[in-house]
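Number of protein chains: 2
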Amino acid sequence: MRRVAESTVRRLSVYLRHLEEFEHQGLGTVSSGALASLGGTTSAQVRKDLSFFGSFGKRGLGYPVPELAEQLREILGLKRRYRVALVGAGKIGSALAQYRGFRQRGFDIVAIFDADASKVGHQWNGLTVLDVAALEEELVRHPIDMAVLVTPAEVAQAVTNRLIQLGVKAILNFAPVQLAVPDDVVVKTVNLALELETLSYALAHRSAEAS
Amino acid sequence: MRRVAESTVRRLSVYLRHLEEFEHQGLGTVSSGALASLGGTTSAQVRKDLSFFGSFGKRGLGYPVPELAEQLREILGLKRRYRVALVGAGKIGSALAQYRGFRQRGFDIVAIFDADASKVGHQWNGLTVLDVAALEEELVRHPIDMAVLVTPAEVAQAVTNRLIQLGVKAILNFAPVQLAVPDDVVVKTVNLALELETLSYALAHRSAEAS
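If you read the sequences in order, they're chains A and B.
Going by the numbering used here, the first sequence opens with residue 1, and the numbers climb by one from there.
Going by the numbering used here, the second sequence opens with residue 212, and the numbers climb by one from there.
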């Protein structure tokens with residue numbers, strides 16, 4: 001399979017959400033135009049995105065909803081559930097642990113770790129917060145597929161190295177730091193302040209254009 | 212100014228973070244190679260990104276740290292502070308309200324709204340959670356620059372329409388829905404489950420390649 005841009009993968013996720021909505025409503029087929037307008041893109045883009053993965057639908061008849069949804073779940077690796085460990089039981093970690101969107105999409109948080117003794121032992125959503133010192137012991141016994149990192153920046157790389165030693169190949173990183181990982185490990189960094197900076201950039205340049 | 216891709220703007224934010232670190236350490240100049248390796252990119256990319264905005268640095272001497280940092284702050288619209296309203300006082304909203312990264316970068320959460328009567332009136336970080344019914348009254352009196360939307364999907368568009376009526380031009384959206392906005396309004400949507408799907412996609416295709 002050709003290398004596919006992350007922006008394409010993101011659009012596939014968005015299409016899948018709408019297809020599942022259509023499935024739920026009992027719709028049989030959907031046009032690329034309908035998927036495009038819901039996804040904030042163009043029909044040509046929808047056709048191009050889907051063509052990466054083979055041939056779907058028939059010209060003039062649209063895409064068959066249940067089949068396309070099923071193929072997108074397959075492509076996105078969503079036909080299974082994932083065991084996810086959360087490292088960092090601060091405010092953001094707490095919100096993520098309780099975020100229903102993860103479980104709905106097949107991502108089960110099965111372990112929570114923190115370095116703060118005042119948090120260790122607390123119950124969160126039926127899970128006990130564990131001491132991060134026990135990371136190896138716990139994850140060797142109960143392996144995970146992914147980790148969500150919500151630690152302070154200063155310790156994020158050290159925790160990452162330990163996760164990699166444990167064979168973890170996918171990390172969602174909320175620490176405001178660029179993690180160094182081997183080629184076979186995928187990291188996706190979410191920096192919330194940086195999201196606001198894309199807005200401040202846009203505002204600054206809107207104003208400049210307007211004046 | 213030419214239209215600049217969001218990925219470029221994101222890299223500028225990352226460069227700025229490292230430059231500010233260098234500033235703090237008292238470094239006078241930095242090479243494109245050093246910025247590149249910290250930012251997980253190439254020197255050619257760094258030079259290309261910066262060249263969009265004019266000519267920086269001297270060949271062979273690197274970039275002057277304080278000047279480049281200052282110009283990036285200017286480009287990213289970070290030479291001022293922004294008044295931000297948070298709509299939605301759930302778990303994620305609570306974490307965002309207390310997220311220090313926003314204030315550190317110049318984004319001050321100055322108002323919090325929720326529709327849930329059991330939340331209205333509570334004190335959060337020195338702010339009183341207000342009834343979302345009072346959105347217009349409050350924001351006309353104390354205008355804001357940006358809104359962070361953390362409402363349920365079903366009400367996100369209606370709240371967005373009200374914010375647009377109030378003249379808000381920039382929205383960071385955490386609701387799992389595509390918002391329709393006029394051309395002069397910029398929306399950045401963060402979908403946390405979707406971030407995990409970029410990882411599940413990568414894992415699925417890694418395994419496929421390996422097998």
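From the three backbone atoms N, C-alpha and C, an ideal C-beta is built for every residue, glycine too.
query	result
Helix, strand or coil: which one does DSSP assign to A:A36?	helix
Looking at the C-beta of B:L238, does it have a partner C-beta in chain A at a distance below 9 Å?	no
If B:A367 sits next to B:A386, beta carbons under 8 Å apart, how far is it from one beta carbon to the other, in whole angstroms?	4 Å
Put A:P64 into one of helix, strand or coil per three-state DSSP.	strand
Can you tell me which residues form a DSSP beta bridge with B:K399?	B:L383
When Cβ atoms are compared, which residues of the segment 242-263 of chain B fall closer than 7 Å to chain A?	L249, G250 and G251
Just to confirm, are A:L196 and B:V295 a CB contact at a threshold of 9 Å?	yes
Starting from the C-beta of A:V129, find all residues in its chain whose C-beta is less than 6 Å away, skip the five residues before and the five after it, and write them out in chain order.	A89, I112, D114, K119, V120 and H122
Please confirm whether A:P176 has its beta-carbon closer than 9 Å to some beta-carbon of chain B.	yes
Find the residues of chain B that neighbour A:S118, judging by a C-beta separation of less than 9 Å, and give them in chain order.	Within chain B, no residue comes near A:S118; the closest Cβ sits about 17 Å away, beyond 9 Å.
Compute the beta-carbon to beta-carbon distance between A:V87 and A:T189, rounded to the nearest angstrom, for a pair I have assumed lies under 8 Å.	So it is not a contact: roughly 14 Å between Cβ atoms.
Could you name the residues that DSSP lists as bridge partners for A:Q178?	Per DSSP, none; premise fails for A:Q178.
Looking at A:V159 and A:L172, is the spacing between their C-beta atoms short of 9 Å?	no
Would B:F473 count as contacting chain A if we go by Cβ distances under 9 Å?	Nothing about residue 473 of chain B can be reported from this structure: the residues present for chain B run from 212 to 422 only.
Take B:V225 and list the residues in its own chain whose beta-carbon comes closer than 7 Å to its own, dropping the five residues that flank it on each side.	G250
Decide if A:R105 is buried, meaning its Cβ has at least 16 other Cβ atoms within 10 Å, or exposed.	buried
In this structure, how does DSSP classify A:I112 when only helix, strand and coil are distinguished?	strand
Around the Cβ of A:A5, are there at least 16 other Cβ atoms within 10 angstroms (buried) or fewer (exposed)?	exposed
Pull up the CB-CB distance for B:L287 and B:L223, whole angstroms please, since I reckon it's below 8 Å.	6 Å
Could you work out which residue in A:F22, A:K91, A:Q178 and A:R100 is closest to A:L215 when comparing CA atoms only?	Chain A is shown from 1 up to 211; residue 215 of chain A falls before or after that span and cannot be answered.
Against A:I112, what residues of chain B qualify as contacts under a CB-to-CB distance less than 7 Å, listed in chain order?	Neighbours of A:I112 on chain B: none; closest Cβ ~14 Å, over 7 Å.
Are the C-beta atoms of A:S200 and some chain B residue less than 9 Å apart?	yes
Drop a sphere of 10 angstroms on the beta-carbon of A:S200, count the other beta-carbons inside from all chains shown, and report buried for 16 or more, exposed for fewer.	buried
Between A:L61 and A:Q45, what straight-line distance do the alpha-carbon atoms span, to the nearest angstrom?	18 Å
Rounded C-beta distance between B:A306 and A:A95? I'm assuming under 8 Å.	4 Å
Applying the 10 Å Cβ sphere with the 16-neighbour rule, what's the burial state of A:Q198?	Residue 198 of chain A is actually Thr in this sequence, not Gln. By the neighbour-count rule (16 or more Cβ atoms within 10 Å), A:T198 is buried.
Spell out whether any CB of chain A is found under 9 Å from the CB atom of B:D342.	no
Using CA coordinates, which residue listed in A:Q178, A:D49, A:K169 and A:N191 is at the minimum distance from A:D184?	A:K169
If B:S254 and B:S243 are in contact, beta carbons under 8 Å, what's the gap, nearest whole angstrom?	4 Å
Indicate the three-state DSSP secondary structure (helix, strand or coil) for B:V295 in the structure shown.	strand
When you check each C-beta in the segment 184-197 of chain A against every C-beta of chain B, which residues fall closer than 8 Å?	D184, V186, K188, V190, N191, L192, A193, L194, E195, L196 and E197
Which chain B residues sit within Cβ distance under 9 Å of A:L163?	Those within 9 Å of A:L163 in chain B number zero; the least Cβ separation is about 13 Å.
Given this structure, state the Cα-to-Cα distance separating A:L139 from B:N402, to the nearest angstrom.	27 Å
From the DSSP secondary-structure annotation, give me the bridge partner or partners of A:V4.	Answer is none; A:V4 lacks a bridge partner.
Excluding the 5 residues preceding and the 5 following A:L166 in the sequence, name in chain order all residues of the same chain whose CB lies nearer than 6 Å to its CB.	L139
Could you spell out the range, first to last residue, of the alpha helix (DSSP H) harbouring A:T128?	A:T128 -> not in any alpha helix (DSSP H); beta strand (DSSP E) instead, spanning L127 to D131.
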